[in-house]
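Enquirer: In the UniProt record's numbering, the protein residues as written are 1 to 174.
#1: Mapping DSSP to helix, strand and coil, what is residue 141?
#2: Go ahead and pull the three-state DSSP assignment for residue 36.
#3: Whose CA, out of 4, 55, 119, 17, lies closest to the CA of residue 31?
#4: Count Cβ pairs between the segment 147-157 and the segment 112-126 that sit closer than 8 Å; are there 3 or more?
#5: Quick one: Cα of residue 112 to Cα of residue 87, how far?
#6: So, do the segment 5-14 and the segment 32-45 have three or more beta carbon pairs nearer to each other than 8 Å?
#7: Do you know offhand how far residue 41's Cα is from residue 83's?
#8: Closest to residue 79 by C-alpha separation, out of 59, 91, 73, would be which residue?
#9: Can you look up residue 177 in the DSSP assignment and give me helix, strand or coil?
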(Lines of atoms letter the chains of each structure in order from A; the text may use other names.)
(Lines give C-alpha, C1' and ligand atoms only; values in the text may rest on other atoms or scores of the structure.)
Protein backbone atom coordinates (compact mmCIF):
# COMPACT_ATOMS: atom_id res chain seq x y z
CA UNK A 1 0.00 0.00 0.00
CA UNK A 2 1.55 3.24 -1.09
CA UNK A 3 -0.89 5.45 0.76
CA UNK A 4 -0.36 7.94 3.52
CA UNK A 5 -2.54 7.86 6.61
CA UNK A 6 -4.05 10.86 8.35
CA UNK A 7 -3.86 9.52 11.91
CA UNK A 8 -0.75 9.10 14.05
CA UNK A 9 -0.24 5.36 14.47
CA UNK A 10 2.52 3.73 16.50
CA UNK A 11 3.52 0.07 16.35
CA UNK A 12 5.84 -2.20 18.30
CA UNK A 13 9.18 -3.02 16.74
CA UNK A 14 9.07 -6.19 14.64
CA UNK A 15 10.96 -9.25 15.91
CA UNK A 16 14.49 -9.35 14.51
CA UNK A 17 14.71 -5.56 14.18
CA UNK A 18 14.80 -4.61 17.85
CA UNK A 19 17.99 -2.77 18.79
CA UNK A 20 19.68 -3.71 22.04
CA UNK A 21 18.93 -1.13 24.70
CA UNK A 22 15.95 0.26 22.72
CA UNK A 23 13.51 -2.59 23.30
CA UNK A 24 10.78 -0.29 24.65
CA UNK A 25 10.78 2.09 21.68
CA UNK A 26 7.85 2.13 19.27
CA UNK A 27 7.74 3.17 15.61
CA UNK A 28 5.56 5.86 14.05
CA UNK A 29 4.06 4.84 10.71
CA UNK A 30 4.42 7.18 7.75
CA UNK A 31 2.33 5.06 5.37
CA UNK A 32 -0.47 2.54 5.62
CA UNK A 33 0.34 -1.12 6.23
CA UNK A 34 -1.64 -4.20 5.26
CA UNK A 35 -3.82 -5.19 8.18
CA UNK A 36 -4.46 -1.71 9.55
CA UNK A 37 -8.10 -0.68 9.85
CA UNK A 38 -7.25 2.61 8.12
CA UNK A 39 -5.53 1.06 5.09
CA UNK A 40 -8.57 0.28 2.89
CA UNK A 41 -9.96 3.80 3.36
CA UNK A 42 -6.58 5.42 2.63
CA UNK A 43 -6.12 3.27 -0.49
CA UNK A 44 -9.64 4.06 -1.73
CA UNK A 45 -9.13 7.81 -1.30
CA UNK A 46 -5.83 7.68 -3.20
CA UNK A 47 -7.10 5.62 -6.16
CA UNK A 48 -10.32 7.69 -6.25
CA UNK A 49 -8.27 10.90 -6.41
CA UNK A 50 -5.97 9.60 -9.17
CA UNK A 51 -8.87 8.35 -11.31
CA UNK A 52 -10.67 11.67 -10.99
CA UNK A 53 -7.47 13.51 -12.01
CA UNK A 54 -7.43 11.28 -15.12
CA UNK A 55 -10.98 12.36 -15.98
CA UNK A 56 -12.89 9.35 -14.68
CA UNK A 57 -16.35 9.70 -13.16
CA UNK A 58 -17.56 7.45 -10.36
CA UNK A 59 -20.84 5.75 -11.24
CA UNK A 60 -23.83 6.53 -9.04
CA UNK A 61 -24.82 2.90 -8.61
CA UNK A 62 -21.40 1.45 -7.74
CA UNK A 63 -18.74 3.35 -5.79
CA UNK A 64 -16.00 1.02 -7.06
CA UNK A 65 -16.74 1.61 -10.76
CA UNK A 66 -15.36 4.51 -12.78
CA UNK A 67 -16.02 5.49 -16.40
CA UNK A 68 -14.15 7.79 -18.77
CA UNK A 69 -15.42 8.51 -22.27
CA UNK A 70 -13.25 10.26 -24.80
CA UNK A 71 -13.93 10.67 -28.49
CA UNK A 72 -10.41 9.75 -29.62
CA UNK A 73 -9.75 6.99 -27.10
CA UNK A 74 -13.11 5.35 -26.63
CA UNK A 75 -14.53 4.31 -23.29
CA UNK A 76 -12.56 2.96 -20.31
CA UNK A 77 -14.33 1.35 -17.35
CA UNK A 78 -12.32 0.63 -14.20
CA UNK A 79 -13.78 -1.69 -11.56
CA UNK A 80 -12.09 -1.71 -8.15
CA UNK A 81 -12.27 -4.56 -5.68
CA UNK A 82 -10.00 -4.11 -2.64
CA UNK A 83 -6.66 -3.45 -4.40
CA UNK A 84 -7.47 -5.17 -7.70
CA UNK A 85 -8.48 -3.29 -10.83
CA UNK A 86 -10.42 -4.73 -13.76
CA UNK A 87 -9.95 -2.53 -16.83
CA UNK A 88 -12.53 -2.70 -19.62
CA UNK A 89 -11.85 -0.76 -22.81
CA UNK A 90 -13.64 -0.16 -26.10
CA UNK A 91 -10.31 0.54 -27.83
CA UNK A 92 -7.42 -1.81 -26.96
CA UNK A 93 -4.85 0.88 -27.79
CA UNK A 94 -5.80 3.02 -24.77
CA UNK A 95 -5.25 0.29 -22.17
CA UNK A 96 -1.44 0.52 -22.36
CA UNK A 97 -1.50 4.29 -21.90
CA UNK A 98 -3.77 3.86 -18.87
CA UNK A 99 -1.57 1.13 -17.34
CA UNK A 100 1.59 3.17 -17.94
CA UNK A 101 0.12 6.16 -16.10
CA UNK A 102 -1.21 4.07 -13.20
CA UNK A 103 2.23 2.41 -12.87
CA UNK A 104 3.74 5.86 -12.20
CA UNK A 105 1.39 6.28 -9.22
CA UNK A 106 1.13 2.73 -7.84
CA UNK A 107 3.13 -0.46 -7.80
CA UNK A 108 1.19 -2.72 -10.17
CA UNK A 109 1.24 -6.28 -11.42
CA UNK A 110 -0.30 -6.72 -14.86
CA UNK A 111 -1.99 -10.12 -15.01
CA UNK A 112 -2.93 -9.72 -18.68
CA UNK A 113 -6.36 -10.37 -20.14
CA UNK A 114 -8.88 -11.16 -17.41
CA UNK A 115 -9.99 -14.77 -17.27
CA UNK A 116 -11.59 -14.84 -13.80
CA UNK A 117 -12.70 -11.96 -11.57
CA UNK A 118 -14.83 -12.07 -8.40
CA UNK A 119 -16.23 -15.50 -9.17
CA UNK A 120 -17.01 -14.65 -12.78
CA UNK A 121 -15.28 -16.55 -15.57
CA UNK A 122 -14.56 -14.34 -18.59
CA UNK A 123 -14.12 -15.87 -22.04
CA UNK A 124 -13.23 -13.48 -24.86
CA UNK A 125 -12.98 -13.82 -28.60
CA UNK A 126 -12.50 -11.12 -31.24
CA UNK A 127 -16.27 -10.94 -31.79
CA UNK A 128 -17.79 -11.69 -28.41
CA UNK A 129 -17.45 -12.00 -24.67
CA UNK A 130 -19.01 -14.70 -22.49
CA UNK A 131 -19.30 -14.38 -18.73
CA UNK A 132 -20.22 -17.34 -16.56
CA UNK A 133 -20.38 -18.29 -12.89
CA UNK A 134 -20.42 -22.03 -13.62
CA UNK A 135 -17.06 -22.66 -11.94
CA UNK A 136 -18.01 -20.52 -8.93
CA UNK A 137 -21.30 -22.41 -8.53
CA UNK A 138 -19.45 -25.74 -8.66
CA UNK A 139 -16.96 -24.54 -6.03
CA UNK A 140 -19.87 -23.61 -3.73
CA UNK A 141 -21.48 -27.02 -4.22
CA UNK A 142 -18.21 -28.75 -3.30
CA UNK A 143 -17.62 -26.50 -0.31
CA UNK A 144 -21.01 -27.43 1.14
CA UNK A 145 -20.79 -31.07 -0.02
CA UNK A 146 -23.79 -30.66 -2.30
CA UNK A 147 -22.21 -31.76 -5.59
CA UNK A 148 -24.66 -34.69 -5.84
CA UNK A 149 -27.73 -32.46 -5.56
CA UNK A 150 -30.13 -32.31 -8.50
CA UNK A 151 -30.15 -29.16 -10.61
CA UNK A 152 -33.30 -27.10 -11.04
CA UNK A 153 -34.22 -25.19 -14.17
CA UNK A 154 -33.78 -21.46 -14.14
CA UNK A 155 -36.64 -19.25 -15.34
CA UNK A 156 -34.04 -17.07 -17.07
CA UNK A 157 -33.24 -17.61 -20.72
CA UNK A 158 -29.77 -19.10 -21.04
CA UNK A 159 -27.41 -18.28 -23.86
CA UNK A 160 -29.28 -15.04 -24.50
CA UNK A 161 -27.34 -12.66 -26.72
CA UNK A 162 -27.15 -9.00 -25.77
CA UNK A 163 -26.60 -6.58 -28.61
CA UNK A 164 -26.13 -2.81 -28.76
CA UNK A 165 -29.53 -2.29 -30.35
CA UNK A 166 -31.45 -4.07 -27.54
CA UNK A 167 -34.04 -1.95 -25.77
CA UNK A 168 -36.08 1.03 -26.82
CA UNK A 169 -33.71 3.80 -25.76
CA UNK A 170 -30.01 4.14 -25.23
CA UNK A 171 -28.97 3.98 -21.60
CA UNK A 172 -27.82 7.20 -19.97
CA UNK A 173 -24.06 6.69 -19.30
CA UNK A 174 -24.25 8.88 -16.21
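Glycine included, each C-beta is placed from N, C-alpha and C at the ideal position.
Expert: This is what the structure holds:
#1: Mapped onto the chain shown, residue 141 falls at position 141. Correct three-state label for residue 141: helix.
#2: On the chain shown, position 36 is the one that residue 36 refers to. In this structure, residue 36 counts as coil in the three-state DSSP scheme.
#3: Here residue 31 refers to the residue found at position 31 of the chain shown. The shortest Cα separation from residue 31 among 4, 55, 119, 17 belongs to 4.
#4: Segment contact: the segment 147-157 against the segment 112-126, fewer than three CB-CB distances shorter than 8 Å; contact not assigned.
#5: Here residue 112 refers to the residue found at position 112 of the chain shown. Here residue 87 refers to the residue found at position 87 of the chain shown. Distance between the alpha carbons of residue 112 and residue 87: 10 Å.
#6: Taking 8 Å as the limit for Cβ pairs, the verdict is that the segment 32-45 does touch the segment 5-14.
#7: Looking up residue 41 in the chain shown gives position 41. Looking up residue 83 in the chain shown gives position 83. Residue 41 and residue 83: Cα-Cα distance of roughly 11 Å.
#8: Along the chain shown, one-based indexing puts residue 79 at 79. Residue 59 is the option with its Cα nearest to residue 79.
#9: No answer is possible for residue 177: it lies beyond the span of the chain, which begins at 1 and ends at 174.
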